[in-house]
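Numbering (the numbering used here), first residue to last: 909 to 1251. The C-beta atom is built at its ideal place from N, Cα and C for all residues, glycine as well.
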């Protein structure tokens, strides 16, 4: 029948392979989503620590100003400004804690963990190991991703299934050749044969098994049929299969180009994350030195409250940027693995 059954089986096998590859990519997607949420929780915890350290600085300075007012070396308005700043820092810490709780609840929900049961999320040590430059060649990474990405493999399998489906549909336009063979054998035993009331079967009869093989009839037939009037159904099926193959082929090409773009972007983001590690480390060191110097000047009356508050704000921002850079560096390494189709 135009090899339709064979092509149908091959199309089914390719469709099964496409489904399995698609399932692999779905698992990678779930793992990556969980990893992103986990890194967000880790970052939230570190930002809570930064906000707590900032509040400690404000509370320490407030206590110091209160002592200085009692000693008569500071004016009360300076205490009022510091109290307002301390309350603002408390609000910032409350917001940071709330973000951490919300993101942790999202993580537990994605992990399908009951939030009412006690659980503990362990934060891993930060790994700042750099990826060797020779392993970041965009051309090699793109080739590796286009070979290993399960979603692209699934798309290619779908195109192959479409090709078999097209050949199956074209088989409807071909004539059908049928070959058949049949062999008929029979045996019989008479119970009686009566003529004028007298049984004529006065001789013994051979058993049924012995009669088989002596009275056989064999037939061989060869037929040719061709569906002429089918309301153009066969041609319509072929055109549908052709359209599906063209559509999936274009989708495969588009996905291949999109993967190349994702890999290139991931490499660029990784290089940016590396540079941020260096910049935030130097920035945090400078901000810490500036705050220490300004706090010392403020203690002896050589700097204003605004000066020390500005230095503290810069220090807190530098600490937050440093923590963000560390977590972002870890995340970008995970992104590189994800866009290449690795677990």
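Review point. For the beta strand (DSSP E) that residue 1085 lies in, which residues bound it at each end?
Key: 1084 to 1093
Exercise for review: Within its chain, find whatever has a CB closer than 7 Å to the CB of residue 1014; leave out the 5 residues flanking it on each side and keep chain order.
Suggested key: 945
Exercise for review: Could you name the residues that DSSP lists as bridge partners for residue 1130?
Suggested key: 1087
Point to revise | Residue from 1184, 1005, 1219 with nearest C-alpha to residue 1038 | key: 1184
Exercise for review: Note down, in chain order, each residue of its chain lying with its Cβ closer than 6 Å to the Cβ of residue 1234, except the 5 sequence neighbours on either side.
Suggested key: 1034
Check your understanding: So is residue 1070 buried or exposed if we call it buried at 16+ other beta carbons inside 10 Å?
Key -> buried
Practice item. Would you tell me roughly how many angstroms separate the C-alpha atoms of residue 1055 and residue 1063, rounded to the nearest one? Key: 12 Å
Check your understanding: Who are residue 1125's beta bridge partners in DSSP?
Key -> 1092
Check your understanding: Closest by CA to residue 1060, which one among 932, 1193, 1197?
Key -> 932
**Study point:** Three-way DSSP call (helix, strand, coil) for residue 994 in this model
**Key:** helix
Point to revise | Same chain only: Cβ atoms within 7 Å of residue 1065, ignoring 5 sequence neighbours per side | key: 922, 925, 926, 929
Point to revise | Cβ neighbours of residue 1016 in the same chain (closer than 6 Å, five flanking residues each side left out) | key: 1023
**Study point:** Touch test, the segment 1189 to 1206 against the segment 1225 to 1234, Cβ-Cβ under 8 Å, three pairs minimum
**Key:** yes
Review point. Residue 1073: which of 1239, 1236, 911, 916 sits nearest, CA to CA?
Key: 916
Check your understanding: Do you know offhand how far residue 939's Cα is from residue 1251's?
Key -> 8 Å
Point to revise | alpha helix (DSSP H) segment containing residue 974, residue limits | key: 912 to 979
Review point. Under a Cβ-count criterion, where at least 16 other Cβ atoms within 10 Å of its own Cβ denotes burial, should residue 1079 be classed as buried or exposed?
Key: buried
Point to revise | Contact the segment 986 to 993 vs the segment 956 to 976: 3+ CB pairs below 8 Å | key: yes
Point to revise | residue 1025 - containing alpha helix (DSSP H), residue span | key: Taken as a continuous stretch (DSSP letters only), residue 1025 belongs to no alpha helix (DSSP H), as it is neither H nor E.
Point to revise | Cβ shell of residue 1007 (< 7 Å), same chain only, five flanking positions each side left out | key: 952
Exercise for review: Tell me, to the nearest whole angstrom, how far the beta carbon of residue 1246 is from that of residue 948; I am working on the premise that it is less than 8 Å.
Suggested key: Incorrect: roughly 16 Å between the Cβ atoms, too far for contact.
Check your understanding: Counting along the chain, where does the alpha helix (DSSP H) carrying residue 1060 start and finish?
Key -> 1058 to 1078
**Study point:** Same chain, Cβ closer than 7 Å to residue 993, five either side skipped, listed in chain order
**Key:** 966, 1217
Exercise for review: From the DSSP output, in three-state form, read off residue 1224 for me.
Suggested key: helix
Exercise for review: Kindly indicate the opening and closing residues of the alpha helix (DSSP H) around residue 1037.
Suggested key: That residue, residue 1037, is in no alpha helix (DSSP H); it is neither H nor E in DSSP.
Review point. Sorted by chain position, which residues of the same chain lie with C-beta nearer than 7 Å to residue 960's C-beta, five sequence neighbours on each side aside?
Key: 1001
**Study point:** Range covered by the alpha helix (DSSP H) that runs through residue 1152
**Key:** 1141 to 1207
Check your understanding: How about residue 1082 and residue 1146: are their beta carbons less than 9 Å apart?
Key -> no
Review point. In the structure shown, what three-state DSSP assignment does residue 1031 receive?
Key: coil
Practice item. Grab me the residues of residue 1230's own chain with a C-beta within less than 6 Å of its C-beta, minus the 5 sequence neighbours each way, in chain order. Key: 1188, 1192
Check your understanding: What do you get for residue 1128, buried or exposed, if any count of 16 or more other CB atoms within 10 angstroms of its CB means buried?
Key -> exposed
Exercise for review: Return the CA-CA distance between residue 1040 and residue 1178, expressed in angstroms with no decimal places.
Suggested key: 12 Å
Check your understanding: For residue 1153, which residues from the same chain have a beta carbon less than 8 Å from its beta carbon, with the 5 sequence-adjacent residues on both sides left out?
Key -> 1067, 1070, 1071, 1073, 1074
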